[in-house]
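*Asks:* If you read the sequences in order, they're chains A and B.
Residue numbers for the first sequence follow our numbering, so the first one is 1145 and each next one is one higher.
Residue numbers for the second sequence follow our numbering, so the first one is 1145 and each next one is one higher.
Idealized CB from N, CA, C, for every residue including glycine.
The structure under discussion is supplied below as structure tokens; questions concerning it will follow.
2 protein chains.
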Amino acid sequence: MRIGVVAPSSRFPEESARRVEALAARVAPDAALHFHPQCFLRHNHFAGTDAARADAFVEFANDPGFDALWFARGGYGACRIAESVLARLGPAARAKAYLGYSDAGFLLAGLYRAGFARVAHGPMPQDVARDGGEAAVARALAWLVRGDRDALDPAIAPGLPHAAFNITVLGHLIGTGLQPDLAGHVLMLEEVSEHMYRTDRAMFHITSNDGVRQAAGIRLGRCSDVQPNDPDFGESEEEVVRHWCARAGIPYLGRCDIGHDAGNRVVPFGPAPQALSGAVAS
Amino acid sequence: MRIGVVAPSSRFPEESARRVEALAARVAPDAALHFHPQCFLRHNHFAGTDAARADAFVEFANDPGFDALWFARGGYGACRIAESVLARLGPAARAKAYLGYSDAGFLLAGLYRAGFARVAHGPMPQDVARDGGEAAVARALAWLVRGDRDALDPAIAPGLPHAAFNITVLGHLIGTGLQPDLAGHVLMLEEVSEHMYRTDRAMFHITSNDGVRQAAGIRLGRCSDVQPNDPDFGESEEEVVRHWCARAGIPYLGRCDIGHDAGNRVVPFGPAPQALSGAVAS
Chain A
1145 MRIGVVAPSS
1155 RFPEESARRV
1165 EALAARVAPD
1175 AALHFHPQCF
1185 LRHNHFAGTD
1195 AARADAFVEF
1205 ANDPGFDALW
1215 FARGGYGACR
1225 IAESVLARLG
1235 PAARAKAYLG
1245 YSDAGFLLAG
1255 LYRAGFARVA
1265 HGPMPQDVAR
1275 DGGEAAVARA
1285 LAWLVRGDRD
1295 ALDPAIAPGL
1305 PHAAFNITVL
1315 GHLIGTGLQP
1325 DLAGHVLMLE
1335 EVSEHMYRTD
1345 RAMFHITSND
1355 GVRQAAGIRL
1365 GRCSDVQPND
1375 PDFGESEEEV
1385 VRHWCARAGI
1395 PYLGRCDIGH
1405 DAGNRVVPFG
1415 PAPQALSGAV
1425 AS
Chain B
1145 MRIGVVAPSS
1155 RFPEESARRV
1165 EALAARVAPD
1175 AALHFHPQCF
1185 LRHNHFAGTD
1195 AARADAFVEF
1205 ANDPGFDALW
1215 FARGGYGACR
1225 IAESVLARLG
1235 PAARAKAYLG
1245 YSDAGFLLAG
1255 LYRAGFARVA
1265 HGPMPQDVAR
1275 DGGEAAVARA
1285 LAWLVRGDRD
1295 ALDPAIAPGL
1305 PHAAFNITVL
1315 GHLIGTGLQP
1325 DLAGHVLMLE
1335 EVSEHMYRTD
1345 RAMFHITSND
1355 GVRQAAGIRL
1365 GRCSDVQPND
1375 PDFGESEEEV
1385 VRHWCARAGI
1395 PYLGRCDIGH
1405 DAGNRVVPFG
1415 PAPQALSGAV
1425 AS
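Right, dumping it as structure tokens:
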């Protein structure tokens, strides 16, 4: 099981790669991790220039020697390379799994829209730096290597297609060529480090889109590190999401187990496995 | 000339209303300003509940006794009432002018999309609180009362249709029922209090929309109070906008004279007046 790691967004520290390699040797000895040197480049906000990040992604994605492509971390930058990357992916890219979250959602969305079958929202190598983050990284490896059902969000409904996004990231791809068809999907959402008025505004945006209104329902993960709202917004994140679901005629289905934290579970895009009882991906 | 003032977004202080009334008595004695009592309501983040704000807007907009409706201020909240407001506007609402900017852009967009002919981006009563803000308010009144051409952004190109928005606000209405047809328009953009990576992300979003890509070009106003980016973003706001215009095939037309400041000029939506040589609105 060979897993390639690339960093389409913000700069990734080499020491995190070493920690993840050591952890993987213990918890997933069958996994061979390959961090692309691009992960450690620095260009302003990013892990290298747009060209360097796009080229690294395309190189590993098109390499039939890798079974999976793992996003090193989020931050910002994936939207800047999405168009270039998606135009260059070949058959070998379609055969592999993709795992990430947060800013990686721009590429997950584009891959899923393009019909890639093994796209998933879940922990990334940089999560190793969180309190308890080794559990998140081990969970991601358990899904990548063994398709471990315990890695999955228990809120996943058997038989229904799912998708998961950071609220701000999904908002910023509405109405673009990256927006996937979410008709009939359970849409799972999470947020970090935003003011509640911004989350409210983003939920207006997301739930006012005709495509999103075709979703089977919305579930809310965790909204962490909420910034102080002046004046107090007066509504919790769940009240905000319930409000906009009701306004848009989208069923609100309750909470789910995703977020910018060590507890973040894996959500494969598309139809859920039968009864969540077996391996998800080979 | 009767001008109604409503506050679809954040709370508006009564003392600002008094200052604007005193200023109007000096600089625009023909203007009769009427601040709706809703402006001074308080409900969490907003100038009253969604229902109170929507009802006040609809009441004044549908009142044939008013020649213009002026947004008291921005902040946040207009998107929450836009759908309710737009569904209830009658013929008298179509006959009047609308002036505001920032969060008011949600309603300006929806009004313009609905075919309202006298929608404009420009200063609001709350600008009186800025350094030099009396000039901004006087400029708005000069346009509302006399159609003063000196109030207009000198970058306006005679004969071409224009529209102006805050970048974050326009981003949040892409792909919704508020997004106006911008084909052939000069799109003028400004920003305030955002990190450069957020402006970059919003410009990806805006310029990746097929409708926006039909614009005749984009002009950039001022981006003020830019928040510290860690690490430094390495590009100015003009470099960011040039980058995304080039990527999207939208001509970048240079700067314009709008922004969250006392210098903010008026931009009427739709075709510019002939040669900017006469009155804009009666």
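1. Expressed to the nearest angstrom, what Euclidean distance is found between the alpha-carbon atoms of B/Val-1150 and B/Phe-1179?
2. Could you tell me the alpha carbon to alpha carbon distance between A/Arg-1146 and A/Glu-1203, rounded to whole angstroms?
3. Give, in chain order, every unbroken run of the beta strand (DSSP E) that is at least 3 residues long and sits entirely within the segment 1170-1198 of chain A.
4. Which same chain residues, not among the five before or five after A/Ala-1196, have their C-beta less than 8 angstroms away from its C-beta?
5. Considering B/Tyr-1396, what are the terminal residues of the beta strand (DSSP E) in which it resides?
6. A/Leu-1317 to A/Phe-1250, Cα distance in whole Å?
7. Residues of chain B with CB closer than 7 angstroms to the CB of A/Cys-1223, please, in chain order.
8. For A/Ile-1318, go through chain B and note every residue whose CB falls closer than 7 angstroms to its CB, in chain order.
9. Just checking: is the beta-carbon of A/Asp-1376 within a distance shorter than 8 angstroms of some beta-carbon in chain B?
10. What do you reckon, are the CB atoms on A/Glu-1379 and A/Met-1347 nearer than 8 angstroms?
11. Within the segment 1280-1336 of chain B, note down every full alpha helix (DSSP H) run reaching 4 residues or more, in order along the chain.
12. Across the segment 1284-1300 of chain B and the segment 1256-1274 of chain B, are there enough close Cβ pairs to call them in contact, namely three or more that are closer than 8 angstroms?
13. Measure the CB-CB distance between A/Leu-1304 and A/Ala-1360 and report whether it falls below 8 angstroms.
14. Helix, strand or coil, according to DSSP, for A/Ser-1154 in the structure here?
15. What are the start and end residues of each continuous beta strand (DSSP E) run of 3 or more residues lying completely inside the segment 1349-1420 of chain A, in chain order?
16. Starting from the Cα of A/Pro-1415, find the closest Cα among A/Leu-1331, A/Phe-1377, A/Asp-1374 and A/Val-1164 and give me that residue.
17. Could you check the C-alpha separation between B/Asp-1374 and A/Ser-1154 for me, to the nearest Å?
18. Using a cut-off of 8 angstroms between C-beta atoms, extract the partners of B/Tyr-1341 located in chain A.
19. Examine the Cβ distances between the segment 1395-1413 of chain A and the segment 1294-1312 of chain A and report whether three or more of them are shorter than 8 angstroms.
20. Quick one: which chain A residues come within Cβ less than 7 angstroms of B/Ser-1352?
21. Is the shortest distance between the beta-carbon of A/Asn-1373 and the beta-carbons of chain B less than 8 angstroms?
22. Can you tell me the Cα-Cα spacing of A/Pro-1157 and B/Gly-1403, whole angstroms?
23. Give the residues from the segment 1282-1315 of chain A that approach chain B closer than 8 angstroms (Cβ to any Cβ), ordered along the chain.
24. For the beta strand (DSSP E) holding B/Tyr-1242, just list the boundary residues, first then last.
25. Since A/Val-1215 sits in a beta bridge, which residues does DSSP pair it with?
26. Taking just the CA atoms, how far does A/Ser-1228 sit from A/Ala-1198?
27. For my contact list, A/Phe-1215 and A/Pro-1152 are in at a C-beta cut-off of 8 angstroms; report their separation, rounded to the angstrom.
28. Expressed to the nearest angstrom, what Euclidean distance is found between the alpha-carbon atoms of A/Cys-1223 and B/Arg-1238?
29. Going by the beta-carbon positions, is the gap between B/Thr-1351 and B/Glu-1381 smaller than 8 angstroms?
30. Going by DSSP, which residues form a beta bridge with B/Val-1263?
31. Quick one: what's got a C-beta closer than 6 angstroms to A/Ala-1308's C-beta in the same chain, skipping five residues either side?
32. What's the C-alpha gap between A/Ala-1172 and B/Val-1385?
33. Please say whether B/Glu-1334 and B/Gly-1355 have beta carbons closer to each other than 8 angstroms?
34. Taking all protein chains shown into account, decide if B/Ser-1160 is buried (16 or more other Cβ within 10 angstroms of its Cβ) or exposed.
35. Quick one: Cα of A/Cys-1400 to Cα of A/Arg-1363, how far?
36. Find the nearest neighbour of B/Ala-1392 within the set B/Ala-1327, B/Ile-1311, B/Val-1164 and B/Asn-1353, judged by alpha-carbon distance.
*Replies:* This is what the structure gives:
1. Rounded to whole angstroms, B/Val-1150 to B/Phe-1179 spans 6 angstroms at the Cα level.
2. 14 angstroms
3. Segments of the beta strand (DSSP E) lying fully in the segment 1170-1198 of chain A: 1176-1179.
4. Result list for A/Ala-1196: Gln-1182, Leu-1185 and His-1187, in chain order.
5. 1396-1399
6. 7 angstroms
7. Arg-1345 and Phe-1348
8. Ile-1318 and Gly-1319
9. Yes - at least one Cβ of chain B is within 8 angstroms of the one on A/Asp-1376.
10. no
11. 1311-1315
12. yes
13. Yes; because the gap between Cβ atoms is below 8 angstroms, this pair is in contact.
14. strand
15. 1361-1368 and 1396-1399
16. Closest option to A/Pro-1415, Cα to Cα, is A/Leu-1331.
17. 11 angstroms
18. Think of a sphere of 8 angstroms around the beta carbon of B/Tyr-1341: the chain A residues whose beta carbon falls inside it are His-1189 and Tyr-1220, in chain order.
19. yes
20. Neighbours of B/Ser-1352 in chain A, taken as residues at a C-beta separation under 7 angstroms, are given in chain order as Thr-1320 and Gly-1321.
21. yes
22. 38 angstroms
23. Gly-1315
24. 1241-1244 is the span of the beta strand (DSSP E), which, as asked, contains B/Tyr-1242.
25. With the sequence shown as reference, residue 1215 of chain A is identified as Phe, and Val is not the correct amino acid for it. Looking at the DSSP assignment, A/Phe-1215 forms a beta bridge with A/Val-1150.
26. 7 angstroms
27. Contact flag correct, Cβ pair sits at about 7 angstroms.
28. 39 angstroms
29. no
30. B/Tyr-1242
31. His-1265, Met-1332, Ile-1402 and Val-1411
32. 45 angstroms
33. no
34. A buried status is given to B/Ser-1160, since no fewer than 16 other beta-carbon atoms sit within 10 Å of its beta-carbon.
35. Spanning the two alpha carbons is a distance of roughly 6 angstroms.
36. B/Asn-1353
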